[in-house]
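Engineer: First, the structure itself, so that you have it in front of you.
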Amino acid sequence: MPKQINFLTIIIGLMSLVIFWGSHVLYKEWRAHFIDIGWAVRPLDNLLSYQSQRLYEFTHHHFTKSRKKGLPTVRLYIPEKARIKLMEDPPQSTKKWKKGFILDSHRNLTKIKFRHRGDAPRNWAYEKKSWRLKAPKKKLFGRVRIYNYGIPKHETFLDNYISYYIGRKVGVMSPQSRMVELFINEEPYGVYNEVEHIDESFLRNNNIMPVNLYKGEQVYKERYLTIDFDLFNNPSLWRKASIFNRVSEDDVSDLIYFLNLVREAETSSESFARLKQTAKIDDWALFSAYQTLVQAWHNDWRHNMRLIFDPWSGSVKPIVHDTVSMFREEDFKLNRRSHALLTLYNKSSDFVLKKHRNLYKFVIDEILPKTIFHLDNLIPNLVTSMSRDKYRHQQSFGTKRFFHPINEEKVRQEWNQLFMQMRKLNKWLSNQLSGPPQAEWKQEKNTLALTIKGPIPVDKVTMSFAEGTTIPSFIGWDADSNGIISNGDLRIPFRIDGRDLILEATWLANQVSSWQDPINWELIQTGGFNMIPTLFRLVGNVRIEPTEIKASNNLTGKQAVLSKSSLTGVTPSRWNQPIVEKTSKEFVWSGDKIINENQIISYPLKILPGTKILLKQGASLIFKNRVNIMGTISDPVIVKSATKGNSWGVMAFHGPKTTGSRVFNIQMEDGGEGKIDNIFYSAMLSIHESQGIHFKNLTMRK
Numbered sequence: 000m001p002k003q004i005n006f007l008t009i010i011i012g013l014m015s016l017v018i019f020w021g022s023h024v025l026y027k028e029w030r031a032h033f034i035d036i037g038w039a040v041r042p043l044d045n046l047l048s049y050q051s052q053r054l055y056e057f058t059h060h061h062f063t064k065s066r067k068k069g070l071p072t073v074r075l076y077i078p079e080k081a082r083i084k085l086m087e088d089p090p091q092s093t094k095k096w097k098k099g100f101i102l103d104s105h106r107n108l109t110k111i112k113f114r115h116r117g118d119a120p121r122n123w124a125y126e127k128k129s130w131r132l133k134a135p136k137k138k139l140f141g142r143v144r145i146y147n148y149g150i151p152k153h154e155t156f157l158d159n160y161i162s163y164y165i166g167r168k169v170g171v172m173s174p175q176s177r178m179v180e181l182f183i184n185e186e187p188y189g190v191y192n193e194v195e196h197i198d199e200s201f202l203r204n205n206n207i208m209p210v211n212l213y214k215g216e217q218v219y220k221e222r223y224l225t226i227d228f229d230l231f232n233n234p235s236l237w238r239k240a241s242i243f244n245r246v247s248e249d250d251v252s253d254l255i256y257f258l259n260l261v262r263e264a265e266t267s268s269e270s271f272a273r274l275k276q277t278a279k280i281d282d283w284a285l286f287s288a289y290q291t292l293v294q295a296w297h298n299d300w301r302h303n304m305r306l307i308f309d310p311w312s313g314s315v316k317p318i319v320h321d322t323v324s325m326f327r328e329e330d331f332k333l334n335r336r337s338h339a340l341l342t343l344y345n346k347s348s349d350f351v352l353k354k355h356r357n358l359y360k361f362v363i364d365e366i367l368p369k370t371i372f373h374l375d376n377l378i379p380n381l382v383t384s385m386s387r388d389k390y391r392h393q394q395s396f397g398t399k400r401f402f403h404p405i406n407e408e409k410v411r412q413e414w415n416q417l418f419m420q421m422r423k424l425n426k427w428l429s430n431q432l433s434g435p436p437q438a439e440w441k442q443e444k445n446t447l448a449l450t451i452k453g454p455i456p457v458d459k460v461t462m463s464f465a466e467g468t469t470i471p472s473f474i475g476w477d478a479d480s481n482g483i484i485s486n487g488d489l490r491i492p493f494r495i496d497g498r499d500l501i502l503e504a505t506w507l508a509n510q511v512s513s514w515q516d517p518i519n520w521e522l523i524q525t526g527g528f529n530m531i532p533t534l535f536r537l538v539g540n541v542r543i544e545p546t547e548i549k550a551s552n553n554l555t556g557k558q559a560v561l562s563k564s565s566l567t568g569v570t571p572s573r574w575n576q577p578i579v580e581k582t583s584k585e586f587v588w589s590g591d592k593i594i595n596e597n598q599i600i601s602y603p604l605k606i607l608p609g610t611k612i613l614l615k616q617g618a619s620l621i622f623k624n625r626v627n628i629m630g631t632i633s634d635p636v637i638v639k640s641a642t643k644g645n646s647w648g649v650m651a652f653h654g655p656k657t658t659g660s661r662v663f664n665i666q667m668e669d670g671g672e673g674k675i676d677n678i679f680y681s682a683m684l685s686i687h688e689s690q691g692i693h694f695k696n697l698t699m700r701k
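For the sequence shown, numbering that gives the first Met the number 0 assigns the number 0 to the initial residue and increments by one for each residue that follows.
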């Protein structure tokens, strides 16, 4: 009888333990996957497997952990009560700051505040959590106020780190980051990705202040329900992470202006031109090329958007945020849709040319091979720190690759797969962009048709004419395909070398949206692009009848003879036009010039001695090209109000094309400040994004 009682007691005890353990596991699973709207149910594995792996890791890591120095260490000291408070009512409680300490570089304890980072439950639902640390204003972490410590998301542990590292190498706006080993109360918590928080201190460290910094997130806790959550359709879906101090926090007029331009530019040439002044093609072509280099388009229409709105230049710039490199994909892409602005810009030949030039430069500069070299040197320290990580089983995408005791050889085997894919991508990009020009031509009735294929920009189209054949004295792109020279046709500049006529223009194929899977809303927003054969018709003052046509790859200069064939192509899209160097005729002002409203002058201008520029109340004059104001001591140029007692706005020199302007003997009075095209001009005479302007004998007074 006593034996039966003892056996029954053991069984009851074991069952109680299993029930308690099972309830605890189920609670964790619920908290990790069902507590937050929008979080896909992606369990790490079945619960029994998860807990068995956890037990296995906890057991063996005590015997296999290295005692050598690994990655740079971050030592955090936090009260247990504060940790419990953070998890009292997730996800709301995870955002509440608590007090703790960190060991600084001088081995002194420094007061900080801490909380969990991230809305996705994988960041805080399990044992290993993501953290956000905030330093006191008077004792920063170097020059940084806030650092984020994120759990590596993928089996290589490096995906986010690689994206930030490459971002800084290619020159896009990207926070500082490094791989570190985190200790909490002297207990090792393994490998983390330390990333500078994108906030006011980030802006200061990049010499960009004061500006508006907008955060666009419509996933998890931050998503607005029951309304369309496309960030580019609704300014109320964004919030400010840093504020331009000359306007109220609620003022989002700059964001509204930008989003309206994106929509209007689809059909308006004027709006498209203004959009290019706001979202500068140089900035966005570099960012788009970066996305291709890391094969990630995660900064998209619904999340991971961080935009800097600079009120002094009027520009909008993107920042790299939480971009996960996707080198593991076998099917490399030159482009994918990520949001409305880049979808529009990828239809523009100006944009695609600059993007592909950036990509080719990345290949020539060996960005990926150099990144591989850097990562390879990181592995020994990474392996050492990983050996002390007893939470490897918790990898958020369910990998089991590091469930076994690790050593450098095994880890290198895993990383070699990543490095192999990066090398493949580098070679693929080189092949895509460095080959011979892909183009063909054919003779039509009154025109010559040039068909461009593939991603390579084509230039130096060289037409060879036989003896006795008339060489055209005019060639234009027949934009309306009517077979004759029309007012809307673009004149193509050229030069003649013997019997060769060389077009001084660059040509690209259309990029069109493509889908292979069944169409759904998200796919429409973020599907891919294909470059398809595009036909440009050329018309001249005489019939164009070459015997042979050659062309060059704009990126490499490689030349090839083009095939004469019957290949057809689609009509160039609205913003896919031959790229030619535009020259502007210099205009001259003299006498009295009355300015009734804001005027933007984009052409070269000469202002003769004695000219009077009379501006109506509130009117401003913005120069965006070279200006020569040729006043003399006896006959100065005068800029003043058209009506005595009223104040006009500003006279501004804005942009690199104004460099080299000369302003001699000018008198200005009654000016103020202005806001034109969402740009703040704070003085009667303003100079923005320009240099080398020569001023002589300048007089200003109220």
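All residues carry an ideal CB built from backbone N, CA and C; glycine is no exception.
1. Hey, which unbroken runs of the alpha helix (DSSP H) at 4 residues or more fall wholly within the region 187-258?
2. Is the distance from the Cβ of Pro435 to the Cβ of Asn553 below 8 Å?
3. May I ask which residues mark the beginning and end of the alpha helix (DSSP H) holding Ile69?
4. CA-CA distance, Ser619 and Pro209?
5. With three or more C-beta pairs closer than 8 Å as the rule, is the region 343-361 touching the region 531-546?
6. At a cut of 8 Å, does the region 536-552 reach the region 297-312 through at least three beta carbon pairs?
7. Please list, in chain order, all residues of the same chain as Val587 whose beta carbon is under 7 Å from its beta carbon, the five residues on each side excluded.
8. Helix, strand or coil for Phe418, going by three-state DSSP, please let me know.
9. Count the other CB atoms within 10 Å of the CB of Glu408; is the residue buried (16 or more) or exposed (fewer)?
10. For Asn677, which residues in the same chain have their Cβ closer than 6 Å to its Cβ, ignoring the five residues on either side in sequence?
11. Would you say Leu500 and Ile470 are within 8 Å of each other, going by their C-beta atoms?
12. Gln290 and Met325: beta carbons closer than 8 Å?
13. Check Ser22 in the structure and name its three-state DSSP category.
14. Run through the DSSP bridge pairs and tell me what Asn147 is partnered with.
15. Throw me the rounded Cβ distance for the Lys353 and Ile307 pair, which I believe falls under 8 Å.
16. Assuming contact is defined by CB atoms lying nearer than 8 Å, are Leu432 and Pro577 in contact in what I supplied?
17. Can you check whether the CB of Ala465 is closer than 8 Å to the CB of Thr546?
18. For the region 65-76 against the region 98-114, do three or more pairs of beta-carbon atoms, one drawn from each stretch, fall closer than 8 Å, so that the two count as touching?
19. For the pair the region 560-572 and the region 441-450, tell me if three or more CB-CB distances fall below 8 Å.
20. So, is Met683 buried or exposed, given that buried needs 16 or more other C-beta atoms within 10 angstroms?
21. Would you check if there are 3 or more beta carbon pairs closer than 8 Å linking the region 500-513 to the region 411-431?
22. Identify whether Asn376 lies in helix, strand or coil by the three-state DSSP scheme.
23. Where Glu199 and Leu212 are concerned, what is the direct C-alpha to C-alpha distance, given to the nearest angstrom?
24. In the DSSP assignment, what are the bridge partners of Val319?
25. Going by DSSP, name the residue or residues bridged to Ala651.
26. For the pair the region 125-139 and the region 104-113, tell me if three or more CB-CB distances fall below 8 Å.
27. Between which residues of its own chain and Leu343 is the CB-CB distance below 7 Å, once the five residues before and five after are set aside?
28. What is the DSSP secondary structure of Pro42, counted as helix, strand or coil?
29. Around the Cβ of Ile612, are there at least 16 other Cβ atoms within 10 angstroms (buried) or fewer (exposed)?
30. At the level of alpha carbons, what is the spacing between Arg66 and Val179?
31. Please return the same chain residues whose Cβ sits closer than 8 Å to the Cβ of Ile11, not counting the five positions on each side in sequence.
32. What residues in its chain sit with their C-beta under 6 Å from that of Asp229, if we drop five residues either side in the sequence?
33. Is the beta carbon of Val169 sitting closer than 8 Å to the one on Phe361?
34. Measuring only the C-alpha atoms, how far is Pro151 from Tyr191?
35. Since I believe Gly630 is in contact with Thr658 (beta carbons under 8 Å), could you give me their beta-carbon distance rounded to a whole number of angstroms?
36. Looking only at C-alpha atoms, which of His693, Pro492, Ile197 sits nearest to Ile242?
Structural biologist: So, from the listed chains and residues:
1. 199-204
2. Reading the sequence shown from its first residue, position 436 is the one you call residue 435. Reading the sequence shown from its first residue, position 554 is the one you call residue 553. Contact flag unset, no.
3. Stepping through the sequence shown from its first residue, residue 69 is reached at position 70. Correcting the residue identity first, residue 69 is Gly in this sequence and not Ile. It is not in any alpha helix (DSSP H) - Gly69 carries neither H nor E in the DSSP assignment.
4. Counting from 1 along the sequence shown, the entry for residue 619 is found at position 620. Counting from 1 along the sequence shown, the entry for residue 209 is found at position 210. Their Cα atoms are separated by approximately 23 Å.
5. no
6. no
7. Position 588 of the sequence shown holds residue 587. Counting only Cβ-Cβ distances below 7 Å, and skipping sequence neighbours, we find Lys605, Leu607.
8. Position 419 of the sequence shown, counting from 1, holds the residue named residue 418. Correct three-state label for Phe418: helix.
9. Taking the sequence shown and counting its residues from 1, one reaches residue 408 at position 409. So Glu408 counts as exposed.
10. Here residue 677 is taken as the residue at index 678 of the sequence shown, counted from 1. Answer for Asn677: Asp253, Tyr256, Gly313, listed in chain order.
11. Counting from one through the sequence shown, the residue named residue 500 turns up at place 501. Counting from one through the sequence shown, the residue named residue 470 turns up at place 471. Result yes, Cβ atoms of Leu500 and Ile470 sit closer than 8 Å.
12. Locating residue 290 in the sequence shown gives position 291, where the first residue counts as 1. Locating residue 325 in the sequence shown gives position 326, where the first residue counts as 1. The answer is no: Cβ separation not under 8 Å.
13. Looking up residue 22 in the sequence shown gives position 23. Ser22 falls in the helix class under three-state DSSP.
14. On the sequence shown, position 148 is the one that residue 147 refers to. Paired residue(s): Arg131, Val194.
15. Locating residue 353 in the sequence shown gives position 354, where the first residue counts as 1. Locating residue 307 in the sequence shown gives position 308, where the first residue counts as 1. Not confirmed; about 20 Å, so no contact.
16. The residue given as residue 432 occupies position 433 in the sequence shown. The residue given as residue 577 occupies position 578 in the sequence shown. No, they are not a contact pair.
17. What you label residue 546 is simply residue 547 of the sequence shown in a count that begins at 1. What you label residue 465 is simply residue 466 of the sequence shown in a count that begins at 1. Yes. Within cutoff.
18. yes
19. yes
20. Start at 1 with the first residue of the sequence shown, and residue 683 comes out as number 684. Burial call: buried.
21. no
22. Taking the first residue of the sequence shown as 1, we reach residue 376 at position 377. Helix at Asn376.
23. Taking the sequence shown and counting its residues from 1, one reaches residue 199 at position 200. Taking the sequence shown and counting its residues from 1, one reaches residue 212 at position 213. Distance between the alpha carbons of Glu199 and Leu212 is about 8 Å.
24. Residue 319 sits at position 320 when you count from the first residue of the sequence shown. The partner list for Val319 (beta bridge, DSSP) is empty, contrary to what the question assumes.
25. Within the sequence shown, numbered from 1, the residue matching residue 651 stands at position 652. Paired residue(s): Ile621, Ser685.
26. yes
27. Walking along the sequence shown from the start, residue 343 turns up at place 344. Closer than 7 Å at the Cβ level, and outside the excluded window around Leu343, lie Val261, Ala264, Glu265.
28. For the purposes of this step, residue 42 is identified with residue 43 of the sequence shown, where counting begins at 1. Model confidence at Pro42 stands at a pLDDT of 48, short of 50, so the residue's coordinates are unreliable; what they give is reported in the following sentence. Three-state result, Pro42: coil.
29. Working through the sequence shown from its first residue, we reach residue 612 at position 613. Under this definition Ile612 is a buried residue.
30. If you number the sequence shown from 1, residue 66 lands on position 67. If you number the sequence shown from 1, residue 179 lands on position 180. C-alpha separation (whole angstroms): 16 Å.
31. Indexing the sequence shown from 1 puts residue 11 at position 12. Counting only Cβ-Cβ distances below 8 Å, and skipping sequence neighbours, we find nothing.
32. Here residue 229 is taken as the residue at index 230 of the sequence shown, counted from 1. Excluding positions up to five away in sequence, the list reads Trp300.
33. Position 170 of the sequence shown, counted from the first residue, corresponds to residue 169. Position 362 of the sequence shown, counted from the first residue, corresponds to residue 361. Contact: yes.
34. Translated into positions along the sequence shown, residue 151 becomes position 152. Translated into positions along the sequence shown, residue 191 becomes position 192. Straight-line Cα distance between these residues: approximately 6 Å.
35. Taking the first residue of the sequence shown as position 1, residue 658 is located at position 659. Taking the first residue of the sequence shown as position 1, residue 630 is located at position 631. No, Thr658 and Gly630 are not in contact; Cβ-Cβ is about 20 Å, not under 8 Å.
36. As a first step, residue 242 must be located in the sequence shown, where it is residue number 243. Nearest option by C-alpha distance: Ile197.
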